[in-house]
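Here's the structure we're looking at; comments come further down.
2 protein chains.
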Amino acid sequence: MNRVFNFSAGPSMLPLPVLQRAADELVCYGDSGMSVMEMSHRSPVYEAIISDAEKLLRKLMNVPENYKILFLQGGASTQFAAVPLNLLHNKADYIVSGQFSGKAFKEAEKYGDVKIAATSKEDNFTYVPKTTRESFRPDADYVHICFNNTIYGTKFPYIPDTGDIPLVADMSSCIISEPVDVSKFGLIYAGAQKNMAPAGLTVVIVREDLMGNSRPETPTMLDYKTMADNDSMYNTPPCYCIYMAKLVYEWILSLGGLEAMKELNLKKSALLYDYLDNQDYYIAPVQKESRSMMNVTFVTGDADLDKKFAKDADAAGLKNLKGHRSVGGMRASIYNAMPYEGVEALVAFMKKFAAENPKK
Amino acid sequence: MNRVFNFSAGPSMLPLPVLQRAADELVCYGDSGMSVMEMSHRSPVYEAIISDAEKLLRKLMNVPENYKILFLQGGASTQFAAVPLNLLHNKADYIVSGQFSGKAFKEAEKYGDVKIAATSKEDNFTYVPKTTRESFRPDADYVHICFNNTIYGTKFPYIPDTGDIPLVADMSSCIISEPVDVSKFGLIYAGAQKNMAPAGLTVVIVREDLMGNSRPETPTMLDYKTMADNDSMYNTPPCYCIYMAKLVYEWILSLGGLEAMKELNLKKSALLYDYLDNQDYYIAPVQKESRSMMNVTFVTGDADLDKKFAKDADAAGLKNLKGHRSVGGMRASIYNAMPYEGVEALVAFMKKFAAENPKK
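Residue numbers (numbering that gives the first Met the number 0), protein chains in the order written: chain A, 0 to 359; chain B, 0 to 359.
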C-alpha cells in the first residue's frame, strides 16, 4: 500500500523514518526483550527513554535551565483549566484569536476575573489582533494566547509585550516548527498530536517560579509542581507517545534542528501561498501578515465546489483537506512531517481542479 | 531477540499476536495509506476504530445499555479527582484497602466530607476489610473502593452491599480479567496500562443517571457528561491506545471472552499460590480470602535475599519481579497477557533459587 499525503490538522503525519523505526522495534525494543508499550515506567530502560526525550526537546527548543519540561496527558483542552488552576489568583487577560483561545478563555472564567484584552472575532478570526503593553491589565496574573490558530490558519506575527506579566501560549499547532525564544514566555503548552507525536501526550514548558502556588481545588494531576517534582512520573505517563516524541526529536535534530525545520516549512508554505496569491480561483481569507506556516486555509467561494474539492483530492491521495467543521472551505495542514512533495502535489491538484471545474 | 517474561505491575505485557499485528500495520493501516497514529480522529477510518473498541468492550464486559463507556486520559490518578468533582455534593465514603485507595480518599478530601468507612491499614493492607450496608453513611453520594490492590496483591472477595448508594470502583489492575456484574456498580474506572492497552488511556464506565451534575469548579475535560455527549471526542482522544485496546479486546474475544480469561487466570495464579502454600522458603503475606489473581506478592523474609531474587530472576529473563518500592519483597503481576509458561518458568526459578540460596 502506498502512503498518502495526509493534510489532517491533527493527529497528522509523522515522519516516515520514525514510523519505520517504531514498527521495527515495536515487538522488541533493543535487547530489552519487550515492547516499549510493555515497559514499567520505572525501569532503567524506560527511564532512559523519557530522560532522553526531555533532554532532546530542551536542546531542540533551547529551553533555559529555569524552565521545567513536563510530559502530561489530556491535551491542550486540559491545559485550558490547568493554566488558571495553577496561575490565576487575581485576574488574567486573554487574546482571543480563534476558537481554541475562546475555549481557553471560557474555561478560565470558572476560576476568576478574566478579560478579553483583544480579539479578531468580529472579523471571523482572519487576522491576529495587535496589542501593546497597555492592552493588558498591569496586575494580571498572566496573559494567554494561542500562538497558531489551527482552524483559521493564522499565527502571531509577533510575541506580545506583556512587561513583567507572564505570557502563556498554546503552541499545539506550531511547536518545534521553527525556533522560538522560550524565555519570552512564562509557560508554553502543546498537544503533541500535530507536530510531535501521536495523540495522548501534552508537553508543558513552565518557568520554575510559576509553580507551587496552585488553587486549592486543583486536582493533583493538574498541579504543575507535583508533576515537575516527580519528573512527569507522579503516575504512569503516556509512555509510548513519549517514546515516539523522542524519535521525532531525533529526526529533527538529524535534519539540522529548528532552523532547518523553519527553512523547510517556509519553503513549503511559500509554494502554497505564492500560488494562492497569483491566481483568482481560490481565495485565501487570512490577512498576509497573520498567515500560518502550518495551516493554510482557502476557499473557492462556492460551498459545493469546496465539497467537491475535498472529495476529489481525497480520491487523488491528498487526504483531509476539508476545512474545520465550524468554518468550512479547505485547510492544508503542512506540519514538519509533510514532505515538500506533498505540497507540490497539492498545488498541482489545485491547478487541475480549477481548470476542470469552472465557476458558474 | 527473544521476548522475556515481564512481570511488571504496569505498564505490563501485551499479547504477542496483538503486538505483531500492530507492528505489521504501524506504517500503513489497511488501505488507509497512513498509520493509525496519523489519522484524524474525526475521519471515518478512525471513527470505525473507536466505535468498534466501544462495542467490543461493551460486549466483553456485558455493559448494560444505561452505562456509557468513556475513553479518557490521565490515568486512575486523574479519576481520584474526577469522581468527587462529578459525584460529591454532600458526603462520600471510602474503603481504604491499599495505597491507591488511600490516595483517592486524600484527593476527595479537597472537595467535601469524605470518611474512611473501613480500612486494613493497621495490618499493612494484607487483606480487604469486610463491610456491611451499615458500614456506610446512608446519605453518602457514593462509596469508593479499589477492587484489586496492585501493590499489596489483594482483591475484594465480595462486592460491597451499598444499598442505593452508587458504588465506585477503581479496577485498573483487574478489569477484563474475569466477568464482573457491571450493574452492581455506579461507576468503574481503570487505567488501561495493566490489562488493556499501553499507558495513556483511562476507561470509565458510568451509569447515565450519575452524569450531568458536576461541581462548578470541574475542569470541562474531567466532566463525564461532556465526554459522554461527545462520544469521548470532545477533544482528540488517545487514538493509538484506543486502537491497541481494540486489538486486545478482539484477542480476548477470540479466546472465548472473560469466562475463558478467568479460567486461564485462575490456572496461572493457582500454580503460583499452590506452590507458595506448599513450601516454607517464601512467605505470602496476603490472607487467602483476599488474594489477587493478578498480582501475587511474596517475600523471603530477608531483604538481601529479596534483592538477590529480583536480580537473579532478571538475569534469567523473568523481569520486574521486585515488589513496589513502598513495600519491598517480590510481586509477580500475571495479567491476561502473561502466558501460563511464564508462571511455570517463575515457579521453576523460585524452586531453584530456594535450593541454591539457603537462609542463614
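No residue lacks a Cβ here, since even glycine has one placed at the ideal position from N, Cα and C.
Check, Outcome
"Residues sharing a beta bridge with residue 224 of chain A, DSSP", "In DSSP, residue 224 of chain A forms no bridge with anything."
"Nonlocal neighbours in the same chain, by C-beta distance under 7 Å from residue 342 of chain B, ignoring five residues either side", "267, 270, 271 and 333"
"Distance between residue 187 of chain A and residue 48 of chain B (C-alpha atoms, nearest Å)", "32 Å"
"Assumed close pair residue 116 of chain B, residue 93 of chain B - CB separation to whole angstroms, cut-off 8 Å", "6 Å"
"Pick from B/20, B/324, B/218 and B/285 that is closest to residue 85 of chain B, judged by C-alpha positions", "B/218"
"Collapsed DSSP secondary structure at residue 257 of chain A in the structure displayed", "helix"
"Burial state of residue 229 of chain A (16 or more Cβ within 10 Å)", "exposed"
"Pairwise C-alpha distance: residue 185 of chain A and residue 209 of chain A", "7 Å"
"Selection of the segment 242-254 of chain A by Cβ proximity to chain B, strictly under 8 Å", "243"
"Nearest residue (CA-CA) to residue 192 of chain A, options A/204, A/174 and A/181", "A/174"
"Any 3 or more C-beta pairs closer than 8 Å across the segment 313-327 of chain A and the segment 1-12 of chain A", "yes"
"Anticipated Cβ contact below 8 Å, residue 289 of chain A with residue 127 of chain A, distance rounded", "4 Å"
"Between the CA atoms of residue 197 of chain B and residue 60 of chain A - distance to the nearest angstrom", "28 Å"
"Beta-carbon gap between residue 165 of chain B and residue 199 of chain B smaller than 9 Å", "no"
"Rounded distance between the beta-carbons of residue 66 of chain A and residue 204 of chain A, thought under 8 Å", "5 Å"
"Residue 89 of chain B versus B/107, B/98 and B/281, residue with shortest Cα-Cα distance", "B/107"
"Within-9 Å CB hit, residue 62 of chain A to chain B", "no"
"In chain order, each alpha helix (DSSP H) run of at least 4 residues that lies wholly inside the segment 22-76 of chain A", "43-60"
"Secondary structure of residue 296 of chain A, DSSP reduced to three states", "strand"
"Residue 243 of chain B (DSSP reduced to helix, strand or coil)", "helix"
"Residue nearest to residue 279 of chain B in terms of C-alpha spacing, selected from B/298, B/51 and B/293", "B/298"
"Given 8 Å, three or more beta-carbon pairs between the segment 8-26 of chain A and the segment 298-311 of chain B", "no"
"C-beta neighbour in chain A for residue 72 of chain B, strict 9 Å", "yes"
"Any C-beta of chain B under 9 Å from that of residue 329 of chain A", "no"
"Under 7 Å (Cβ pairs) to chain B, residues found in the segment 14-31 of chain A", "18, 19, 21, 22, 25, 26, 27 and 30"
"Local conformation of residue 136 of chain B per DSSP, three classes", "coil"
"9 Å Cβ cutoff, residue 339 of chain A in contact with chain B", "no"
"Residues bridged to residue 114 of chain A [DSSP beta-bridge criterion]", "A/92"
"The segment 41-53 of chain A: positions lying closer than 9 Å to chain B by Cβ", "41, 42 and 45"
"Under 9 Å between C-beta atoms of residue 294 of chain A and residue 119 of chain A", "no"
"DSSP state of residue 332 of chain B mapped onto helix, strand, coil", "strand"
"Simplified DSSP state of residue 272 of chain A, which is helix, strand or coil", "helix"
"Residue closest to residue 353 of chain A, alpha-carbon to alpha-carbon, out of A/304, A/328 and A/336", "A/304"
"Start and end residues, beta strand (DSSP E) containing residue 166 of chain B", "166-169"
"Residue-chain proximity (residue 316 of chain B, chain A), Cβ-Cβ < 9 Å", "yes"
"Cutoff 9 Å: residue 109 of chain B Cβ touching any chain C Cβ", "In summary, chain C is missing from the structure at hand, where the protein chains are A and B."
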